[in-house]
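A quick write-up on the structure given underneath.
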Amino acid sequence: MKILTMTTAALFMALPLGAQEFGPATVDPAGALASRGKEFLAKARTAENGVYSETLKDYGNHKTMLAARAKTGTPEYHEEWSDFFVVLEGEFTMVVGGKLKDQHPIDGKPGELSGSGIEGGTKIALKKGDVFHLLPKTPHQAVLTPGKTLLYYVIKVKE
Numbered sequence: 023m024k025i026l027t028m029t030t031a032a033l034f035m036a037l038p039l040g041a042q043e044f045g046p047a048t049v050d051p052a053g054a055l056a057s058r059g060k061e062f063l064a065k066a067r068t069a070e071n072g073v074y075s076e077t078l079k080d081y082g083n084h085k086t087m088l089a090a091r092a093k094t095g096t097p098e099y100h101e102e103w104s105d106f107f108v109v110l111e112g113e114f115t116m117v118v119g120g121k122l123k124d125q126h127p128i129d130g131k132p133g134e135l136s137g138s139g140i141e142g143g144t145k146i147a148l149k150k151g152d153v154f155h156l157l158p159k160t161p162h163q164a165v166l167t168p169g170k171t172l173l174y175y176v177i178k179v180k181e
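Sequential numbering from 23 applies to the sequence shown in the working numbering.
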């Protein structure tokens, strides 16, 4: 956990706006994430599904993303990807485990499933500053209180 904490701290150092690349290293400065986060939240509020996200950088076996939600998310299941969520703004409940109801493949995303809900999952309360790790093959769903929003940084690692 200490390594993850140090890594997370390094990700959010105050540097000029915009991702910076240093050879094999990339820094997504806190100021850039906050600025883009406002834009993402505005887009999430007007999106039909209440979510807006972008991949910031794809490294092949892992990638970084920024995501905003204005509504409860659709349940998901990733066959090969672990997720690390760093909550930047807001609070929500993550439902994990259990069984994905009415599961179906997500078009154009092999190994990715969605569904209508989760039966028998565990509810975990998360808030700003929390870091959440999810293993592959685990149903999960971000549940928001109506009227609330969520901004989070995602690190996806292919297993």
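Backbone N, C-alpha and C fix where the C-beta goes; we use that ideal spot for every residue, glycine too.
Neighbourhood of L148 by C-beta distance below 7 Å, restricted to the same chain and skipping five residues each side: Start at 1 with the first residue of the sequence shown, and residue 148 comes out as number 126. Once the five neighbours on either side are set aside, the close Cβ partners of L148 are V109, E113, F114, M116, F154.
Assign E98 to one of two classes, buried (16 or more other C-beta atoms within 10 Å of its C-beta) or exposed (fewer than that). Indexing the sequence shown from 1 puts residue 98 at position 76. Buried, by the Cβ-count rule.
Based on the DSSP secondary-structure assignment, which residues constitute the bridge partners of P127? Looking up residue 127 in the sequence shown gives position 105. Paired residues: L135.
Would you say the region 62–71 touches the region 135–152, given that touching needs at least three Cβ pairs under 8 Å? no
Identify the continuous beta strand (DSSP E) that holds A47 and give its terminal residues. Here the question's residue 47 lines up with position 25 in the sequence shown. Start and end: 47–49.
What separation, rounded to the nearest whole angstrom, lies between the Cα atoms of G53 and A41? Locating residue 53 in the sequence shown gives position 31, counting from the first residue. Locating residue 41 in the sequence shown gives position 19, counting from the first residue. Cα to Cα, G53 sits roughly 10 Å from A41.
Would you say R91 and T171 are within 8 Å of each other, going by their C-beta atoms? Within the sequence shown, residue 91 is the residue found at index 69, counting from 1. Within the sequence shown, residue 171 is the residue found at index 149, counting from 1. The answer is yes: Cβ separation under 8 Å.
Between the alpha carbons of V118 and E43, how many angstroms are there, rounded? As a working mapping, residue 118 is identified with position 96 in the sequence shown. As a working mapping, residue 43 is identified with position 21 in the sequence shown. Roughly 34 Å separates the two Cα atoms.
Quick one: using the 10 Å Cβ neighbour count with 16 as the cut-off for buried, is K145 buried or exposed? Taking the first residue of the sequence shown as 1, we reach residue 145 at position 123. The residue in question, K145, is exposed, as its Cβ has fewer than 16 Cβ neighbours within 10 Å.
Exposed or buried, A66, counting other C-beta atoms within 10 Å across all chains shown (16 or more means buried)? Residue numbering aside, residue 66 sits at position 44 when the sequence shown is read from its first letter. Counting Cβ neighbours within 10 Å, A66 comes out buried, since at least 16 surround it.
Starting from A90, follow the beta strand (DSSP E) in both directions and report where the run begins and ends. As a working mapping, residue 90 is identified with position 68 in the sequence shown. Note, A90: beta strand (DSSP E), 84–91.
Identify whether L110 lies in helix, strand or coil by the three-state DSSP scheme. On the sequence shown, position 88 is the one that residue 110 refers to. L110: strand per DSSP, three-state reduction.
Would you mind working out which of Q125, G95, P127 sits nearest T167, comparing C-alpha positions? Indexing the sequence shown from 1 puts residue 167 at position 145. The option with the nearest alpha carbon to T167 is G95.
Just to check my reading of the structure: E102 and L173 have Cβ atoms closer than 8 Å, yes? What is that Cβ distance to the nearest angstrom? Locating residue 102 in the sequence shown gives position 80, where the first residue counts as 1. Locating residue 173 in the sequence shown gives position 151, where the first residue counts as 1. E102 to L173, Cβ: 26 Å. No contact.
Looking at the secondary structure, which residues open and close the alpha helix (DSSP H) in which K60 lies? By one-based count along the sequence shown, residue 60 stands at place 38. That run of the alpha helix (DSSP H) goes 52–68.
For a test of the three-state rule: what should DSSP assign to Y74, helix, strand or coil? Taking the sequence shown and counting its residues from 1, one reaches residue 74 at position 52. Looking at Y74 - three-state DSSP - the assignment turns out to be strand.
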